[in-house]
Structures are given as C-alpha cells and as structure tokens.
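Reading through the structure tokens given below for one structure.
Number of protein chains: 2
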Amino acid sequence: MSTYKPSIPKGTRDFLPEQYSKRKYIFNTIERVFKRYGFKPIETPAMELLSTLTGKYGDEGDKLIFKILNSGDFLQSVPTTTYEKRDNISFIPHICEKALRYDLTVPFARFVVQHYNELSFPFKRYQIQPVWRADRPQKGRYREFYQCDIDVIGSNSLLNEAELIKITDDIFTHLGIDVIIKINNRKILAGIAEVCGIGDKLIALTTALDKLDKQGWDMIEQELLSKEIPEDAVIKIRELLVLKDSITDMLDAVSEFVKTSETGRTGIAETKEILKYAKLLGIKNHIEFDMSLARGLNYYTGAILEVKARTLEMGSISGGGRYDDLTGIFGLNNMSGVGISYGADRIYDVMESLNLFPETVSSFTHVLICHLDQYTLCYCLPLLQALHQHNIAAEIYPDTVKMKKQLSYADKNCIKYVVIAGSEEMSKNVFTLKDMSTSEQWLLSLDGVIEKVRS
Amino acid sequence: MSTYKPSIPKGTRDFLPEQYSKRKYIFNTIERVFKRYGFKPIETPAMELLSTLTGKYGDEGDKLIFKILNSGDFLQSVPTTTYEKRDNISFIPHICEKALRYDLTVPFARFVVQHYNELSFPFKRYQIQPVWRADRPQKGRYREFYQCDIDVIGSNSLLNEAELIKITDDIFTHLGIDVIIKINNRKILAGIAEVCGIGDKLIALTTALDKLDKQGWDMIEQELLSKEIPEDAVIKIRELLVLKDSITDMLDAVSEFVKTSETGRTGIAETKEILKYAKLLGIKNHIEFDMSLARGLNYYTGAILEVKARTLEMGSISGGGRYDDLTGIFGLNNMSGVGISYGADRIYDVMESLNLFPETVSSFTHVLICHLDQYTLCYCLPLLQALHQHNIAAEIYPDTVKMKKQLSYADKNCIKYVVIAGSEEMSKNVFTLKDMSTSEQWLLSLDGVIEKVRS
Numbered sequence: 011m012s013t014y015k016p017s018i019p020k021g022t023r024d025f026l027p028e029q030y031s032k033r034k035y036i037f038n039t040i041e042r043v044f045k046r047y048g049f050k051p052i053e054t055p056a057m058e059l060l061s062t063l064t065g066k067y068g069d070e071g072d073k074l075i076f077k078i079l080n081s082g083d084f085l086q087s088v089p090t091t092t093y094e095k096r097d098n099i100s101f102i103p104h105i106c107e108k109a110l111r112y113d114l115t116v117p118f119a120r121f122v123v124q125h126y127n128e129l130s131f132p133f134k135r136y137q138i139q140p141v142w143r144a145d146r147p148q149k150g151r152y153r154e155f156y157q158c159d160i161d162v163i164g165s166n167s168l169l170n171e172a173e174l175i176k177i178t179d180d181i182f183t184h185l186g187i188d189v190i191i192k193i194n195n196r197k198i199l200a201g202i203a204e205v206c207g208i209g210d211k212l213i214a215l216t217t218a219l220d221k222l223d224k225q226g227w228d229m230i231e232q233e234l235l236s237k238e239i240p241e242d243a244v245i246k247i248r249e250l251l252v253l254k255d256s257i258t259d260m261l262d263a264v265s266e267f268v269k270t271s272e273t274g275r276t277g278i279a280e281t282k283e284i285l286k287y288a289k290l291l292g293i294k295n296h297i298e299f300d301m302s303l304a305r306g307l308n309y310y311t312g313a314i315l316e317v318k319a320r321t322l323e324m325g326s327i328s329g330g331g332r333y334d335d336l337t338g339i340f341g342l343n344n345m346s347g348v349g350i351s352y353g354a355d356r357i358y359d360v361m362e363s364l365n366l367f368p369e370t371v372s373s374f375t376h377v378l379i380c381h382l383d384q385y386t387l388c389y390c391l392p393l394l395q396a397l398h399q400h401n402i403a404a405e406i407y408p409d410t411v412k413m414k415k416q417l418s419y420a421d422k423n424c425i426k427y428v429v430i431a432g433s434e435e436m437s438k439n440v441f442t443l444k445d446m447s448t449s450e451q452w453l454l455s456l457d458g459v460i461e462k463v464r465s
Numbered sequence: 011m012s013t014y015k016p017s018i019p020k021g022t023r024d025f026l027p028e029q030y031s032k033r034k035y036i037f038n039t040i041e042r043v044f045k046r047y048g049f050k051p052i053e054t055p056a057m058e059l060l061s062t063l064t065g066k067y068g069d070e071g072d073k074l075i076f077k078i079l080n081s082g083d084f085l086q087s088v089p090t091t092t093y094e095k096r097d098n099i100s101f102i103p104h105i106c107e108k109a110l111r112y113d114l115t116v117p118f119a120r121f122v123v124q125h126y127n128e129l130s131f132p133f134k135r136y137q138i139q140p141v142w143r144a145d146r147p148q149k150g151r152y153r154e155f156y157q158c159d160i161d162v163i164g165s166n167s168l169l170n171e172a173e174l175i176k177i178t179d180d181i182f183t184h185l186g187i188d189v190i191i192k193i194n195n196r197k198i199l200a201g202i203a204e205v206c207g208i209g210d211k212l213i214a215l216t217t218a219l220d221k222l223d224k225q226g227w228d229m230i231e232q233e234l235l236s237k238e239i240p241e242d243a244v245i246k247i248r249e250l251l252v253l254k255d256s257i258t259d260m261l262d263a264v265s266e267f268v269k270t271s272e273t274g275r276t277g278i279a280e281t282k283e284i285l286k287y288a289k290l291l292g293i294k295n296h297i298e299f300d301m302s303l304a305r306g307l308n309y310y311t312g313a314i315l316e317v318k319a320r321t322l323e324m325g326s327i328s329g330g331g332r333y334d335d336l337t338g339i340f341g342l343n344n345m346s347g348v349g350i351s352y353g354a355d356r357i358y359d360v361m362e363s364l365n366l367f368p369e370t371v372s373s374f375t376h377v378l379i380c381h382l383d384q385y386t387l388c389y390c391l392p393l394l395q396a397l398h399q400h401n402i403a404a405e406i407y408p409d410t411v412k413m414k415k416q417l418s419y420a421d422k423n424c425i426k427y428v429v430i431a432g433s434e435e436m437s438k439n440v441f442t443l444k445d446m447s448t449s450e451q452w453l454l455s456l457d458g459v460i461e462k463v464r465s
C-alpha cells in the first residue's frame with residue numbers, strides 16, 4: 011500500500027455501517043411518527059437554481075451557499091468588463107446557474123408554488139434530506155448534514171402548532187431522549203417591544219435575546235443599550251426575563267405587562283390556545299414558556315418552538331414556528347404555514363452521549379456458514395438459501411480458507427451463530443451449529459438449524 | 011398569484027408524495043434483500059475532492075462531473091498566466107477543489123483505502139445514494155439519479171458472482187419484474203480475440219460488441235472492419251454470436267472455439283462454476299449466456315452481468331462484474347472485487363409501465379376526523395391521540411370550515427374513513443364513523459372506532 015492516503019472535503023463525513031445504522035434508526039423513528047400524523051413525503055433535487063436561493067438567507071447566508079460551476083465553456087458567458095475587473099461576487103452569476111440547497115424551507119416554498127395545482131391544501135409535507143453549507147467546520151457542525159422537516163401550509167389553525175408539539179413529544183419519547191419543549195410567540199415579543207416604546211427595534215431585540223443562552227444577561231444588556239434601547243426598557247425586559255414561575259403564572263405576568271398592546275394580547279391568547287390543545291393531546295415531556303426564545307429567522311410571525319435535551323449541555327436539537335408569508339418570495343401570497351425541523355446530526359450526538367441506541371440497531375449478519383472445501387461448500391448452499399427464505403441475515407464465507415480465519419471473521423463482525431459442516435455431518439445430512447457467545451453447539455438438521463437461529 | 015413561475019435545473023426532478031412512496035418501495039425492497047445476504051450499509055459524502063474523481067471516467071466522463079466553486083475569493087488562486095489565457099480546462103483546478111460524485115464505485119474504492127484499518131475483509135457493502143452527471147437530459151436519463159450498489163471486496167471466490175445473481179433474482183422476484191440475467195466473462199472475450207489473432211484489439215472489440223443490441227450486426231461489422239480487424243476474424247466472431255442454443259450447448263461451442271487460449275479456457279471454467287453455484291442457490295429467473303455482453307467499463311476483468319426486463323423494450327436495469335484492481339488507483343493493490351448496481355430510476359419506469367406497484371404503497375392517512383366547532387374539536391382530540399397510539403395514520407382537519415370542504419379533503423387525499431362528531435354524539439359519548447368508499451356509517455364508542463378502522 012502506498013503512503014498516499016485519499017481523503018474527503020473538510021466538514022464532510024463517511025458513514026461506516028454502524029454509524030449508518032444508528033442514523034437510519036433516527037430517520038426511521040422520525041418518519042414513522044410523521045406518517046402517523048398524516049404528513050406526506052416529498053423530495054426536491056440537491057441542486058436548485060442559484061436564483062432560487064440567492065437573497066433568502068441574508069448576505070452572510072449567500073456566501074455559505076455552495077455554487078456549481080456551469081458545464082462546458084463557462085468562461086465565455088463572463089462579460090469582458092467583469093472579466094477585467096476580476097471581482098468574485100460579480101463573476102458568480104455568469105459562471106454558476108445552480109447551487110446546492112442550503113435548507114429544506116426555501117426549496118419547499120419553491121415546490122409549493124411550482125406544484126400548486128397538483129397539491130390539495132392544507133398540505134402537510136415531510137422531507138428528510140441533506141443540506142450543504144460552506145460554514146467553518148467545527149465540533150457538531152458539518153458542511154453536509156441532514157434536516158428532517160415537517161410543515162403544514164395553507165392552514166391558520168393553531169391546532170397545527172399543538173400537533174407539532176405532540177409530534178416532537180412522540181419522536182423524543184420513542185428515541186428515549188428527555189427533552190424540554192420551549193415555546194414563545196413573536197407577537198408577545200412585539201407586544202413587549204411596543205409597551206417598552208421600542209416597537210421599531212424588534213429585530214435588534216430578538217437578535218440580542220437569541221444569544222441569552224450562550225452569552226448571559228450582562229452581554230445582552232450591553233448589546234441592547236448599544237442599539238439605543240433606553241435603559242428603562244432594558245430594565246423592564248430584564249424583570250420579565252427573570253420570572254421563573256409556573257407556565258400559567260408567567261403567562262399571567264406577561265399578559266398583564268402587554269395588556270395595552272393588541273399584538274401582545276393576541277400573542278398571549280395564541281399561546282394559551284396552543285397549550286390547551288397540547289394538553290388535550292397528552293404531552294409527556296416538559297413544556298416551558300421562554301420569553302428569551304426568539305430564533306434568528308425573521309420569517310417567523312407567530313409561535314416559535316425550540317427543543318433541548320434535558321440532561322445534556324448542547325444547542326437546540328429542533329426548532330420551528332409559524333410564518334405567514336414564506337411563499338410570497340415566489341409570488342404566492344396568503345399561504346400561512348407552520349413547521350419544525352429536527353437536526354438528525356445533533357440528535358445522533360445526544361443519543362451517543364447518553365448511550366440511547368438499542369443494541370440491535372447495529373447487528374447485521376446473524377449466521378455465518380463456514381466450509382472446508384468445495385464439497386462442503388456445495389452441501390451448505392441449500393441451507394443458505396433456506397435461511398434467506400426465512401428472512402434470516404446469513405452469509406457463507408466465500409473463500410476456502412482455514413477455519414480459524416472464518417471464525418475470526420464471525421468474531422469481528424459480531425455474528426451470533428456459525429454453521430460448520432465436514433464429511434461426518436454430510437454423511438448424516440446434518441450441520442453443526444455453534445453459538446459464538448456461549449460456545450454451546452448442537453448437531454441439527456437443516457430445519458433444526460432454522461428453528462434454533464430463529465428463536 | 012404572480013405569473014412568475016419558479017423552476018428547477020433541467021434534468022432534475024421534484025418527487026411528489028406518490029412518486030416518493032413508490033421509489034421508497036423500490037429502495038426498501040432492495041435494501042431488505044441486501045441485508046439478508048449480509049451486506050452492510052455505508053454512505054459517502056455528496057462532494058468528493060475533484061482530484062479523487064478526475065481521470066477515472068475518461069475524458070468524456072471528466073466533462074460530465076459537476077464541479078463546486080470554491081468559497082470566498084476563488085479568483086485569487088488563478089495564476090495570472092492562466093487568467094490571461096482564459097482557458098476553461100486549465101481554469102477549473104484553480105477555482106474548484108470539490109465535485110459531486112459521479113457514481114458510487116470510485117467513492118467506494120476511495121472509502122476502502124481510506125478506512126482500510128477499520129474494515130474486516132472480505133468486506134460486503136451496500137450503498138444507496140444519488141449521483142450527478144452533466145449528461146444531456148433525455149427520456150429516462152436524469153442529471154440526478156439514484157444508484158443502489160453492492161460490492162464484495164477482498165475475496166476471489168466465484169461464489170460471490172453466484173450470490174450477486176441470486177440477489178438479483180430475489181430483488182426482481184420481490185418487485186414482480188420478470189427478468190433475463192445475462193452473463194459473460196471478459197476472459198472469454200479475450201480468448202476469442204486471441205484465437206482470432208486480434209488479442210491487441212480487445213478494447214475495440216468490446217466497445218463495438220457493447221452496441222450490438224442498439225445498432226444491429228451490420229453496423230458492428232463496419233465498426234470492426236474500420237478498426238482494422240481482419241475480415242476472417244469478423245466472420246468467426248459473427249458465427250459465435252448467432253448461436254442461440256441452450257446455455258450448455260453454447261458454452262460447449264465457445265469452449266471448443268477458445269480451447270487454444272488459456273485465458274479463454276479460464277473464462278469458460280469460471281462461467282461454469284458460477285452457474286453451478288447459482289443452480290444450488292435456486293434461481294427463479296432466466297439466466298442467459300450472452301457473448302455480445304461486454305459492458306463498456308474497462309475495469310472489469312472477469313464475469314460480467316447485466317439484467318433486462320423480459321416483457322419490455324428498455325435498456326439494462328442492472329449491471330456489474332468482477333474487477334481485479336479498482337483500489338489500485340488509490341494505492342491499494344491486490345484487492346479483487348465484484349459488484350453490481352441497480353438503477354432505481356429505470357426500475358421505477360419498468361414498474362410504472364407494467365403497473366407493478368402494490369396499491370397500498372401510496373396510501374397515506376387512513377382516518378380523517380372532521381369537526382364542527384371548537385367544542386367538537388376538543389371532544390375529538392383524545393380520539394386522535396388514541397388512533398396514533400394504535401399506530402393508525404390519522405389526522406384532524408385543522409381549520410373550522412364547512413363539512414363539505416373537510417369531506418372533499420378526505421376525498422382528494424383518498425382517505426378511507428372519516429369521523430364526524432356533533433352535539434348529539436358528544437352527549438352520548440360516541441362518534442359517527444363513515445366508510446368513504448361504501449358510504450356505510452356506524453355510531454361507535456372511541457374503542458369501537460379504533461377496532462373498526464384497524465380491521
């Protein structure tokens with residue numbers, strides 16, 4: 011073997027069989043729940059037109075989109091003046107018309123508008139696909155990662171928000187992760203801003219609040235003051251944020267605070283209605299009303315949701331909310347939607363840390379058939395066929411090599427049973443079956459082997 | 011709605027719920043069989059380093075690789091002389107270090123070399139992922155499509171070839187597609203070339219034979235003559251190709267023809283051994299020995315396999331073979347491998363044409379709960395919860411709208427049962443359940459509804 015070692019682009023990963031199987035377990039669990047609630051699957055292409063994505067994620071986001079170089083004579087389309095200036099930003103639209111999707115939300119909005127006449131509304135979709143971002147890679151942050159999204163589009167009912175909470179509750183109950191489901195409402199934040207006399211500074215407020223978890227109040231206070239939010243407003247906001255009562259008491263306190271703001275009152279009423287439905291649907295995990303929850307994305311207009319693992323310090327593993335005009339960017343107005351996204355990679359990390367994957371997830375072959383020579387090989391093939399017909403994962407060691415090597419293969423691959431047949435077994439029309447974990451062994455007929463390994 | 015209509019890159023596709031579910035049915039069937047035979051799943055990133063892919067698919071292939079533009083100041087890395095020349099080919103390596111994978115074979119070879127110490131050999135892997143090619147889009151040919159590959163690497167045993175035939179047989183039996191599995195061997199082709207005295211023109215011969223199906227013999231004859239293959243050799247090859255006997259008779263005839271070539275004799279012996287194993291494993295579909303089967307890829311060194319649907323004019327839906335030195339390109343020699351690839355998109359087209367998808371594949375929600383007002387909505391939520399607990403796909407129409415609209419939603423979404431509850435049902439603690447296909451209806455308790463819709 012030469013010393014040259016091939017590699018893959020930074021921030022991307024290969025998945026070996028065990029990792030693949032654990033990830034698949036997460037996807038399957040999530041998908042099973044999605045389907046049970048009547049969500050329907052769609053898939054969109056990895057590549058979107060660059061024009062579909064540009065301008066949807068802010069200037070910083072635009073830089074993180076992976077662009078695909080046009081095929082053929084790509085330089086020909088660059089106007090001479092642009093070529094002479096040698097400027098990256100103005101070069102891009104001439105040499106790239108496609109890009110890798112950055113999230114599943116914008117492609118979904120594009121999908122709804124493009125297939126409007128083929129869909130019936132309210133449309134409940136789920137989508138589990140990778141997305142790509144040219145972010146600086148770091149622990150837990152990758153350049154290729156999976157999102158698992160559900161959205162209901164074309165319905166204003168707050169029952170949808172409650173159902174997203176219930177789905178979240180079901181998914182994490184199935185996965186065995188104890189979570190806190192945090193809820194807030196953009197309208198409550200707008201109400202607070204209005205009452206504090208900083209209604210025009212809502213985005214500055216939400217951007218700052220979003221960092222509370224990571225940076226602590228002192229930093230946030232500095233940021234709010236630097237954004238010219240008056241000190242008395244900052245003090246009032248702080249008083250609300252330190253409330254740590256029951257969810258009902260907190261809602262009452264905030265309700266009292268925003269009573270002069272119509273938007274604020276609507277936000278409180280919406281939150282109460284969502285919680286009422288959630289209660290009727292029977293939520294097992296803890297729901298928390300968190301006024302600091304703002305989520306950076308400015309397209310949210312109503313409820314905001316975020317989920318964290320309870321027993322582990324880690325960022326959110328899921329988040330979403332209500333948006334009133336997402337398809338507007340593609341020309342379709344008045345389509346209110348609400349959705350939530352589950353981050354499979356972070357969920358994987360949580361489950362690994364807490365050792366939550368069932369052992370059976372990464373078990374592969376159940377029976378290995380070993381052979382001594384051409385004769386025993388042929389003698390064993392009907393057994394192999396019978397095992398497969400009974401849906402038992404079984405393989406025969408393909409090469410005629412020493413028994414020690416074949417048994418070592420069984421060992422390395424954690425195979426529970428091995429079958430061995432020599433001339434004696436052949437003459438009696440039986441097989442030796444051995445349990446690799448206990449070293450017990452039996453002399454059995456073909457049917458006897460099947461029965462034993464199935465039990 | 012504005013007149014602007016968003017779109018997606020040519021050659022790519024959105025999958026709506028029904029299409030998604032049918033595709034998923036194919037993937038699941040294939041994956042279940044792979045697992046039963048002891049193959050283990052891996053995944054590799056969508057992006058590989060461009061240097062990993064370049065030069066592996068020939069000059070034409072290199073042009074069809076989708077390249078990813080480097081992030082940031084990509085023009086800075088272009089040397090001034092290259093920039094001044096304005097030449098596409100020499101530009102690319104300076105502005106693109108990543109590319110989308112073109113197939114699953116080269117990434118797999120890279121994977122084996124990179125993770126050599128983490129794997130145990132023989133290593134049997136499967137991989138089901140999309141690949142991207144900048145081919146000219148046409149019917150049945152897309153720029154993003156899925157491959158489903160299995161390979162055994164690190165084993166010389168011909169049992170592997172037989173097992174690939176058996177897996178193919180199982181997959182298409184499960185899918186309900188009647189297929190012909192064609193087999194040939196590169197060594198037989200080499201033997202024929204050797205006997206005809208054109209041993210140095212093997213690639214010209216295989217390249218021409220590969221087109222026999224599409225172009226017919228006359229065209230092939232012209233091509234062979236134009237490649238300076240002598241007329242007497244062309245006549246001999248034709249005589250072999252027109253043989254249409256039983257598989258045994260054909261092998262005997264070819265065996266006689268190549269008896270003076272050691273390579274040819276080996277090819278015949280290998281084919282007979284593979285067929286012996288295949289027989290012991292119990293193949294249901296028709297196996298055909300096809301001397302014209304050559305498959306363009308020059309990395310094959312032994313058996314070649316190809317699968318076609320029997321009742322339909324369509325290209326091959328699966329193909330593969332033995333390659334003795336695939337990992338050699340990444341510095342790891344002496345790792346013989348054998349593999350086969352199933353084309354999910356073509357299999358989909360075959361199944362659609364022959365109407366082979368089970369009806370249940372694209373059934374989604376089983377029960378729709380309709381409601382009249384806030385009271386009946388809340389009354390029905392515990393029923394929704396109970397349905398989900400019993401793993402029944404159920405949803406409640408989220409908005410309080412006219413019953414007609416709710417029933418029309420059930421209709422459009424092919425939902426079998428609807429539940430309706432008004433004040434009378436509420437007072438008796440029951441629900442009206444209606445079968446949408448027969449219009450039958452029943453007055454049932456919560457448990458009664460569950461029992462009825464489960465049966």
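Going line by line, the protein sequences match chains A and B. Okay, so the first sequence: first residue is 11 according to our numbering, each after it adds one. Okay, so the second sequence: first residue is 11 according to our numbering, each after it adds one. For each residue, glycine too, the CB sits at the ideal point set by N, CA and C.
Residues bridged to residue i [DSSP beta-bridge criterion]
i              : result
L454 (chain A) : A:F441
K108 (chain A) : A:L59, A:I78
L378 (chain B) : B:E405, B:V428
D255 (chain A) : Bridge partners of D255 (chain A): none, in fact.
S351 (chain A) : A:D159, A:G329
Short CB-CB distance (under 8 Å) between residue i and chain A
i              : result
S12 (chain B)  : The predicted position of S12 (chain B) is uncertain, since its pLDDT is 46 and thus under 50; no value can be drawn from it.
P19 (chain B)  : yes
S87 (chain B)  : no
N423 (chain B) : yes
V459 (chain B) : no
Q124 (chain B) : yes
Y35 (chain B)  : no
E233 (chain B) : no
CA-to-CA distance, residue j to residue i, given in whole angstroms
i              : j              : result
Q451 (chain B) : R111 (chain A) : 47 Å
M11 (chain A)  : G341 (chain B) : With a pLDDT of 42 at M11 (chain A), under the threshold of 50, the modelled position of that residue is not reliable, and the figure given next carries that caveat. Rounded to whole angstroms, M11 (chain A) to G341 (chain B) spans 6 Å at the Cα level.
I460 (chain A) : K422 (chain A) : 23 Å
A109 (chain B) : K34 (chain A)  : 25 Å
E233 (chain A) : A304 (chain A) : 15 Å
V411 (chain B) : F37 (chain A)  : 34 Å
E107 (chain B) : P55 (chain A)  : 22 Å
E173 (chain A) : Y352 (chain B) : 39 Å
Segment limits, beta strand (DSSP E) that includes residue i
i              : result
N467 (chain A) : Outside the displayed range of chain A (11 to 465) lies residue 467 (chain A), so it cannot be described from this structure.
V162 (chain A) : 154–163
Residue-level contact to chain B via CB, residue i, 8 Å cutoff
i              : result
K45 (chain A)  : yes
C206 (chain A) : no
V428 (chain A) : no
C380 (chain A) : no
S31 (chain A)  : yes
Residue range of the unbroken alpha helix (DSSP H) whose run includes residue i
i              : result
R248 (chain B) : 241–251
S236 (chain A) : 222–236
S363 (chain A) : 354–363
S31 (chain B)  : 27–46
Y333 (chain B) : Premise fails: Y333 (chain B) lies in the beta strand (DSSP E), 328–333, not in any alpha helix (DSSP H).
H398 (chain A) : 384–399
Practice item. Return the residues of the stretch 158–174 of chain A that lie within a Cβ-Cβ distance of less than 8 Å from chain B, sorted by chain order. Key: Residues V162, S165, N166, S167, L169, N170, E173.
Practice item. Mind checking the stretch 49–61 of chain B against chain A and listing, in chain order, the residues whose C-beta falls within less than 7 Å of any C-beta there? Key: Within the stretch 49–61 of chain B, the qualifying residues are K50, P51, I52, E53, T54, P55, A56, M57, E58, L59.
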